[in-house]
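A.B. asks: Before we start, here is the structure in question, set down as structure tokens.
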Amino acid sequence: MDIDPGPKSKRGALTLAIDVGGTRLKAGLLNQRGEMVAGPNRVNTPEHPAPQIVLDALVDLATPLGDFDRISVGFPGVVRHGQVLTAPNLGTPEWRHFPLASSLTDKLGKPTRMLNDAEVQGLGVVSGKGLECVITLGTGMGFALFQDGHPAPHLELSQHPIHKGKTYDQFIGAAAYKDVGHKRWNRRLRRVLANITTLVSFDTLYIGGGDAKQVDLELPSNVHLVDNTAGITGGVKLWDKTLDSMFATAG
Numbered sequence: 000m001d002i003d004p005g006p007k008s009k010r011g012a013l014t015l016a017i018d019v020g021g022t023r024l025k026a027g028l029l030n031q032r033g034e035m036v037a038g039p040n041r042v043n044t045p046e047h048p049a050p051q052i053v054l055d056a057l058v059d060l061a062t063p064l065g066d067f068d069r070i071s072v073g074f075p076g077v078v079r080h081g082q083v084l085t086a087p088n089l090g091t092p093e094w095r096h097f098p099l100a101s102s103l104t105d106k107l108g109k110p111t112r113m114l115n116d117a118e119v120q121g122l123g124v125v126s127g128k129g130l131e132c133v134i135t136l137g138t139g140m141g142f143a144l145f146q147d148g149h150p151a152p153h154l155e156l157s158q159h160p161i162h163k164g165k166t167y168d169q170f171i172g173a174a175a176y177k178d179v180g181h182k183r184w185n186r187r188l189r190r191v192l193a194n195i196t197t198l199v200s201f202d203t204l205y206i207g208g209g210d211a212k213q214v215d216l217e218l219p220s221n222v223h224l225v226d227n228t229a230g231i232t233g234g235v236k237l238w239d240k241t242l243d244s245m246f247a248t249a250g
């Protein structure tokens, strides 16, 4: 989709929002209201997703979208100060300490902010009231907490064991769905939701990600399925002034 954004003073800042997944890489342009104005462009995650290969693929996704002013990235793992610490579904050893944020800035010439992908999706859906929890269902399981709209310190719940040594990723990730089938996977999900309810005592829980469409459970009134596009549209919220302190030392 081609756009003519016009002068920045008239159109407002445009955000290139990137969603890195174990299965797909996605990118789109967002206006200041978080509305998609170009894209999203998608490509399968490379079979051997080494950092430089993924970086090149993201640049290729971004280039046809047109001009933008800043970049937001949701990444499936632990990220801190613009660096990747873990990437369970992309090959953690190769990614550890890779400066993805500054690498994108070097390639595309715009400032970059990066958070865990579940946190970015959460920024696109939370109400900003009370303790809110977000899980994403896809290659693995993403997890994020928000207090009054502000991201809490990241917890990598997906790598915690839940049953017979299996982590949440292994228990309800995409491979598990394929292995055990629809009914058993939903029974597993019911167990996961019960555990998270006990652990977090959230006011509201949101379920997103590509496999949210497989959820076949009667959900409580404070648990909601949300559109997977929030993984991109939440990207504009990374640039809210209320989050400036989170990125003050990100470089």
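Numbering that gives the first Met the number 0 numbers the first residue of the sequence shown as 0 and each following residue consecutively. All C-beta atoms, glycine included, are put in the ideal place defined by N, C-alpha and C.
Going by the CB atoms, is the gap between Val119 and Ala100 shorter than 8 Å?
C.D. replies: Your numbering for residue 100 matches position 101 in the sequence shown. Your numbering for residue 119 matches position 120 in the sequence shown. Contact flag unset, no.
A.B. asks: Can you grab the Cα-Cα spacing for the pair Gly148 / Leu237, in whole Å?
C.D. replies: Taking the first residue of the sequence shown as position 1, residue 148 is located at position 149. Taking the first residue of the sequence shown as position 1, residue 237 is located at position 238. Between Gly148 and Leu237, the C-alpha separation is close to 12 Å.
A.B. asks: Evaluate the contact criterion for the region 22-37 versus the region 184-202: three or more CB pairs, one atom per stretch, below 8 Å.
C.D. replies: no
A.B. asks: Determine the direct distance from the alpha carbon of Leu103 to that of Lys165, and round the result to whole angstroms.
C.D. replies: For the purposes of this step, residue 165 is taken as the residue at position 166 of the sequence shown. For the purposes of this step, residue 103 is taken as the residue at position 104 of the sequence shown. Going by the C-alpha atoms only, they are around 34 Å apart.
A.B. asks: Give the straight-line distance between the Cα atoms of Leu13 and Lys182, rounded to the nearest whole angstrom.
C.D. replies: Counting from 1 along the sequence shown, the entry for residue 13 is found at position 14. Counting from 1 along the sequence shown, the entry for residue 182 is found at position 183. Taking the straight line joining both Cα atoms gives about 42 Å.
A.B. asks: In whole angstroms, what separates the C-alpha of Thr187 from that of Leu198?
C.D. replies: Position 188 of the sequence shown, counted from the start, is the residue given in the question as residue 187. Position 199 of the sequence shown, counted from the start, is the residue given in the question as residue 198. In the sequence as displayed, the identity of residue 187 is Arg instead of Thr. Cα to Cα, the separation comes out at about 17 Å.
A.B. asks: In terms of DSSP beta bridges, what is Thr166 paired with?
C.D. replies: On the sequence shown, residue 166 is found 167 positions in, with the first residue counted as 1. Answer is Pro160, bridged to Thr166.
A.B. asks: For Phe97, name the three-state secondary structure that DSSP assigns.
C.D. replies: One-based indexing of the sequence shown puts residue 97 at position 98. Of the three classes helix, strand and coil, the one that applies to Phe97 here is strand, per DSSP.
A.B. asks: Sort out for me which residues DSSP pairs His223 with in a bridge.
C.D. replies: Position 224 of the sequence shown, counting from 1, holds the residue named residue 223. Beta-bridge pairing links His223 to Tyr205.
A.B. asks: Note the first and the last residue of the continuous alpha helix (DSSP H) segment covering Val58.
C.D. replies: In the sequence shown, residue 58 corresponds to position 59, counting from 1. Taken as a continuous stretch (DSSP letters only), the alpha helix (DSSP H) holding Val58 covers 50-61.
A.B. asks: In three-state DSSP terms, what is Arg32?
C.D. replies: What you label residue 32 is simply residue 33 of the sequence shown in a count that begins at 1. Residue state for Arg32 is assigned as coil, using DSSP reduced to three classes.
A.B. asks: Report back the beta-carbon spacing between Leu130 and Gln146 to the nearest angstrom; my notes put them in contact at under 8 Å.
C.D. replies: Taking the sequence shown and counting its residues from 1, the one referred to as residue 130 is at position 131. Taking the sequence shown and counting its residues from 1, the one referred to as residue 146 is at position 147. Contact flag correct, Cβ pair sits at about 6 Å.
A.B. asks: Starting from Glu118, trace the alpha helix (DSSP H) in both directions and tell me its first and last residue.
C.D. replies: Taking the first residue of the sequence shown as 1, we reach residue 118 at position 119. Element bounds for Glu118: 116-122.
A.B. asks: According to DSSP, is Asn194 part of a helix, a strand, or is it coil?
C.D. replies: Reading the sequence shown from its first residue, position 195 is the one you call residue 194. Residue state, collapsed to three classes: helix.
A.B. asks: By the three-class DSSP mapping on this structure, what secondary structure does Asp18 have?
C.D. replies: For the purposes of this step, residue 18 is identified with residue 19 of the sequence shown, where counting begins at 1. Here Asp18 sits in strand by DSSP.
A.B. asks: Below 8 Å between beta carbons: does that hold for Ala175 and Trp184?
C.D. replies: Here residue 175 corresponds to residue number 176 of the sequence shown, with the count starting at 1. Here residue 184 corresponds to residue number 185 of the sequence shown, with the count starting at 1. Yes, the Cβ-Cβ distance between Ala175 and Trp184 is below 8 Å.
A.B. asks: Let's see if you can read the secondary structure: which residues bound the alpha helix (DSSP H) around Ala12?
C.D. replies: Along the sequence shown, one-based indexing puts residue 12 at 13. Careful: Ala12 lies outside any alpha helix (DSSP H) and carries neither H nor E.
A.B. asks: Could you check what DSSP says for Lys25 in three-state terms: helix, strand or coil?
C.D. replies: For the purposes of this step, residue 25 is taken as the residue at position 26 of the sequence shown. Lys25 falls in the strand class under three-state DSSP.
A.B. asks: For Leu130, which three-state DSSP category applies?
C.D. replies: Indexing the sequence shown from 1 puts residue 130 at position 131. DSSP places Leu130 in strand when its eight states are reduced to three.
A.B. asks: Excluding sequence positions up to five away, which residues of its chain have a Cβ less than 7 Å from the Cβ of Ala61?
C.D. replies: Counted from its first residue, the sequence shown places residue 61 at position 62. Contacts found: Leu15, Ala26, Leu107.
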